[in-house]
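> Here it is, the structure, as structure tokens.
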Amino acid sequence: MAVFEEFGILRDIALSFIVVAVVFSVEFALYFFREWHHSKNRTFNDLRFAWSIFLISMALNMSFFIMSDFYSSGEERLMWIKFGYVALFMGLTVFSNIQERALPWNTHGFFTILGISGIIGSLIIPHDILKYIALFFYSPLFISLFAVFSAFILKRSSGVLRFYSFLLILGFAISITGYGLTIDIAVESIGVISYTIGAIFMVIGVVIMSFSVMNIPSFGELDWNKKIRNIILLSPDGHVLIHLTNRNAVVKTDDKSEKTFSGDALKGIINLIQEVTMDKDTVDVIDHGDVKINLLTGSSFELIVITTEMLQVVRKKMEEFTTKFENLYKDVLNEYSMDNLSMFKPAEAMMKQIFEISS
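In the numbering used here, the protein residues as written are 1 to 359.
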């Protein structure tokens with residue numbers, strides 16, 4: 001039988017919030033897919049792509065459950081429930097696969113295979129058995145994957161990014177709580193009020209998680225510091241004040257490339273950029289074959305960060321370094337001597353800390 005066999009205020013509230021959750025999920029999914037599709041450097045590892053697929057699966061899952069819990073009973077209800085489980089496991093399969101590829105450990109596709117088994121199980125296992133398997137077997141495993149992935153994001157993030165990572169975890173906790181309150185076992189134990197509260201929680205969770213994903217970079221940027229090859233600070237007249245080579249770079253820098261990206265060659269590139277943009281305190285990027293040259297013109301210096309990919313995190317780090325560097329050296333930038341570059345040792349240490357590299 002349906003969860004809500006009779007009309008009432010609890011039914012109306014629950015249905016309204018479930019519909020709102022479906023609409024929000026679809027809208028956010030379309031937004032994230034559009035953002036991903038229009039990105040110049042889109043990859044299937046992008047968090048926005050993964051989240052758009054997962055939100056579509058959740059929207060389908062909730063739509064099927066609306067049919068099963070509000071408008072059907074008997075064998076027809078079981079059919080809608082099966083469709084709902086299949087949709088959910090399809091989304092979990094895709095999302096889990098992308099999470100597994102983002103993690104630094106080889107999981108051998110365990111959670112992807114787990115998701116596929118869930119799809120097959122949803123089609124062949126009777127609902128009276130499946131609802132317990134889903135609750136006590138699949139749910140703990142997928143929650144553990146998300147917990148490990150969340151810990152990985154938190155470890156790799158800092159500042160505002162860490163705040164949004166916490167929000168993502170909070171939203172997930174609220175959503176999973178809400179989803180748990182709508183399942184048959186919870187309704188049978190607590191009553192229909194459980195479903196109504198769960199529907200409200202699901203809307204709140206979807207909004208919080210989607211807002212967080214808007215502000216979290218793609219999975220490919222989580223190891224951004226390993227994609228930095230060189231960081232160079234130049235004086236206005238082209239003298240190298242600081243030159244760091246990242247020892248932990250994924251692509252090791254050889255002697256030839258170091259000579260290519262130093263001194264006059266870089267100054268020439270900067271002059272070319274300045275002729276076009278003439279903007280200070282903004283990051284420009286030159287695509288130079290297998291590397292990207294990120295340039296930022298400060299008040300009395302030029303900052304160059306050479307990376308293997310275009311990275312939004314690096315741009316923010318450049319702006320952060322520029323602000324701190326100018327505050328630290330604003331009174332002496334125009335009075336330095338090439339014979340006394342040791343005065344920039346504190347800036348070098350600050351550069352290593354901000355960009356999280358070792359040289």
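Just so it is clear, CB atoms sit at the ideal spot from N, CA and C, and this is done for glycine as well. Just so it is clear, the structure is predicted and the values come from calculations on it, not from any experiment.
Would you list the one or two residues that DSSP bridges to residue 37?
Against the sequence shown, residue 37 aligns to sequence position 37. Answer is none; residue 37 lacks a bridge partner.
> Quick one: residues in its chain with C-beta nearer than 7 Å to the C-beta of residue 50, no 5 flanking neighbours on either side, listed in chain order?
The residue you call residue 50 lines up with position 50 of the sequence shown. Answer for residue 50: 94, 95, 98, listed in chain order.
> Under 8 Å by Cβ, that's how I've got residue 90 and residue 68 pegged, so tell me the actual separation to the nearest angstrom.
Here the question's residue 90 lines up with position 90 in the sequence shown. Here the question's residue 68 lines up with position 68 in the sequence shown. That belief does not hold up - the Cβ atoms of residue 90 and residue 68 are roughly 17 Å apart, past 8 Å.
> In this structure, how does DSSP classify residue 305 when only helix, strand and coil are distinguished?
Position 305 of the sequence shown, counted from the start, is the residue given in the question as residue 305. The answer is strand: DSSP assigns residue 305 an E or B state.
> Between residue 354 and the rest of its own chain, which residues show a CB-CB distance below 8 Å, the 5 nearest in sequence each way excluded?
As a position in the sequence shown, residue 354 is number 354, starting the count at 1. Counting only Cβ-Cβ distances below 8 Å, and skipping sequence neighbours, we find 317, 320, 321, 324.
> Out of 22, 132, 113, 315, state which residue places its alpha-carbon closest to the alpha-carbon of residue 55.
Here residue 55 corresponds to residue number 55 of the sequence shown, with the count starting at 1. Cα-wise, what sits closest to residue 55 is 22.
> If you follow the beta strand (DSSP E) that residue 107 is part of, which residue opens it and which one closes it?
Indexing the sequence shown from 1 puts residue 107 at position 107. Neither: residue 107 is in no beta strand (DSSP E) and is coded neither H nor E.
> For residue 360, I'd like the list of residues in its chain whose CB is within less than 8 Å of its CB, leaving aside the five on either flank, ordered along the chain.
It is not possible to answer for residue 360, since the shown part of the chain is limited to 1 through 359.
> Could you tell me if residue 43 is buried or exposed, where buried requires 16 or more neighbouring beta carbons within 10 angstroms of its beta carbon?
Position 43 of the sequence shown, counting from 1, holds the residue named residue 43. Residue 43 should be labelled exposed.
> Thinking residue 180 and residue 205 are a contact (beta carbons under 8 Å), I'd like their distance in whole angstroms, please.
Within the sequence shown, the letter at position 180 stands for residue 180. Within the sequence shown, the letter at position 205 stands for residue 205. That belief does not hold up - the Cβ atoms of residue 180 and residue 205 are roughly 11 Å apart, past 8 Å.
> In the structure shown, what three-state DSSP assignment does residue 229 receive?
Taking the first residue of the sequence shown as 1, we reach residue 229 at position 229. Residue 229: strand per DSSP, three-state reduction.
> Between which two residues does the alpha helix (DSSP H) carrying residue 47 extend?
The residue given as residue 47 occupies position 47 in the sequence shown. Segment 47–70, the alpha helix (DSSP H) holding residue 47.
> Should the segment 189–207 be called in touch with the segment 145–156, which here means at least 3 C-beta pairs below 8 Å?
Touching, no, given that fewer than three Cβ pairs across the two stretches are closer than 8 Å.
> Give me whichever residues DSSP pairs with residue 361 in a beta bridge.
For the chain, the structure presents residues 1 to 359; residue 361 sits outside this window and is missing.
> In terms of alpha-carbon separation, which member of 75, 228, 144 lies closest to residue 290?
Stepping through the sequence shown from its first residue, residue 290 is reached at position 290. Among 75, 228, 144, the Cα nearest to that of residue 290 belongs to 228.
> To the nearest angstrom, report how far apart residue 161 and residue 168 are at their CA atoms.
Looking up residue 161 in the sequence shown gives position 161. Looking up residue 168 in the sequence shown gives position 168. Rounded to whole angstroms, residue 161 to residue 168 spans 11 Å at the Cα level.
> Since residue 357 is in the alpha helix (DSSP H), which residue starts that stretch and which ends it?
Start at 1 with the first residue of the sequence shown, and residue 357 comes out as number 357. Neither: residue 357 is in no alpha helix (DSSP H) and is coded neither H nor E.
> DSSP three-state label for residue 127, please.
Taking the first residue of the sequence shown as 1, we reach residue 127 at position 127. If DSSP states are grouped into helix, strand and coil, residue 127 belongs with the helices.
> Looking at the structure shown, is residue 311 part of a helix, part of a strand, or coil, going by DSSP?
Mapped onto the sequence shown, residue 311 falls at position 311. Three-state result, residue 311: coil.
> Quick one: what's got a C-beta closer than 7 Å to residue 278's C-beta in the same chain, skipping five residues either side?
Residue mapping note: residue 278 aligns to position 278 of the sequence shown, counting from 1. Low local confidence applies: a pLDDT of 46 at residue 278 is under 50, so the model's placement there is unreliable, with the coordinate-based value given in what follows. Excluding positions up to five away in sequence, the list is empty.
> From the DSSP output, in three-state form, read off residue 260 for me.
Translated into the one-based positions of the sequence shown, residue 260 becomes position 260. A caution first: residue 260 carries a pLDDT of 46, below 50, which makes its placement in the model too unreliable to give a value.
> Once the 5 residues before and after residue 128 are set aside, which same chain residues still bring their CB inside 8 Å of it?
Here residue 128 refers to the residue found at position 128 when the sequence shown is read from its first residue. Around residue 128: no qualifying Cβ.
> Roughly how many whole angstroms lie between the Cα atoms of residue 200 and residue 17?
Looking up residue 200 in the sequence shown gives position 200. Looking up residue 17 in the sequence shown gives position 17. Between residue 200 and residue 17, the C-alpha separation is close to 6 Å.
> May I ask you to list the residues that DSSP assigns as paired with residue 323?
Taking the sequence shown and counting its residues from 1, one reaches residue 323 at position 323. Paired residues: none, contrary to the question.
> Please report the distance separating the alpha-carbon of residue 359 from that of residue 233.
Position 359 of the sequence shown, counting from 1, holds the residue named residue 359. Position 233 of the sequence shown, counting from 1, holds the residue named residue 233. Cα to Cα, the separation comes out at about 15 Å.
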